[in-house]
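Asks:
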Amino acid sequence: MSQHDEQRRKLLGRLNRRLAYTAPLLALVAGGGVLQASAGDDAAMADVTSPSDASLMLASNHTEGAAEAQGEAEGEAQGEAEGEAEGGDSAAVARPEGYSPAYSETGDNPQQMLARGEALYYDTSLSSNGLACANCHGSNGQDMGYNSTFEQPFPHRVAMGAHQFGMSAVHADEMVQICMVVPMAAEPLEWGGEALTSLAAYVVEVQKRVAGEPHDL
Ligand code: HEC
């Protein structure tokens, strides 16, 4: 094992202990390359390359009970890793006044809209850090990096929305915006634009799939 691997392992170990997370998904961003691994997966960890000035982003599944404390630790660790301040203005991610979504949050959205949403889910150009939604949430219907809140239909409470934006519940499009702004480190998508609309419609179907319900994917 190289010295760099060793450093990386130590950094991960430190974050691990600090967050005390249970079933984590780590997306490691190093020099433009992206790696996903579950913590403790030695083979995957050893694959990590270009370890210098890597920024570490973290997505973790945690239990409801631990959500409160962990949300804070997560924000802190994320802020540390990204050099960004914690906390945000919900104005950027909450539905603006007078906006009415062009997708249905109960489902039954056109196949074409879902296909477009799926394409965007894999699109790294949406972020400023080289990540796509799929890097944290899985490819080919693998569905990962979600907390158990996601098993309920929208709108519902999401720890990231509550902790970072003071939102008591979020709609699917608001959740897309939250992940755009926080883990994707990008500007929110245009409200009512086809990107946000189709990603939100896609997320509604993924929600059903994760909940084990009939879906259109
Ligand atoms: C760097 C990792 C990362 C990336 C990239 C990312 N997310 Fe997330 N996402 C998370 C984390 C962490 C959570 C868990 C938030 C929580 O439960 O508090 C989450 C939760 C979610 C949820 C479920 C929230 C719920 O419980 O209802 C959805 C939907 C979602 N993300 C969509 C997206 C979409 C769409 C994109 C791309 C535009 C994206 N995410 C990109 C980390 C990421």
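Using mature numbering (1 follows the signal peptide of the UniProt record, and there is no 0), the letters of the sequence shown correspond one by one to residues -39 to -1, 1 to 178.
From the three backbone atoms N, C-alpha and C, an ideal C-beta is built for every residue, glycine too.
In or out: Glu148 buried (at least 16 other Cβ within 10 Å) or exposed?
Replies: Label assigned to Glu148: exposed.
Asks: Would you call Asn96 buried or exposed, if buried means 16 or more other Cβ atoms sit within 10 Å of its Cβ?
Replies: Asn96 should be labelled buried.
Asks: What are the boundary residues of the alpha helix (DSSP H) that His124 is part of?
Replies: Looking at the DSSP string, the run of the alpha helix (DSSP H) that includes His124 is Ala120 to Phe126.
Asks: Whose C-beta lies closer than 7 Å to the C-beta of Glu151 among residues of the same chain, with five residues either side of it excluded?
Replies: Only Leu157 meet the Cβ criterion.
Asks: Over the uninterrupted alpha helix (DSSP H) stretch that includes Glu135, give me the two end residues.
Replies: Segment Ala133 to Val142, the alpha helix (DSSP H) holding Glu135.
Asks: Determine the direct distance from the alpha carbon of Tyr82 to that of Ala76, and round the result to whole angstroms.
Replies: Roughly 10 Å between the two C-alpha positions.
Asks: Identify the residues that DSSP records as bridge partners of His117: which are they?
Replies: Val131, per the DSSP bridge assignment.
Asks: For Val142 and Ala53, which I take to be in contact (beta-carbon distance under 8 Å), what is that distance rounded to the nearest angstrom?
Replies: Rounded, the Cβ-Cβ distance is 6 Å, consistent with contact.
Asks: Could you tell me which of Met136, Ser129, Phe126 and Glu155 sits nearest to Tyr107, measuring between CA atoms?
Replies: For the residues Met136, Ser129, Phe126 and Glu155, the minimum Cα distance to Tyr107 belongs to Met136.
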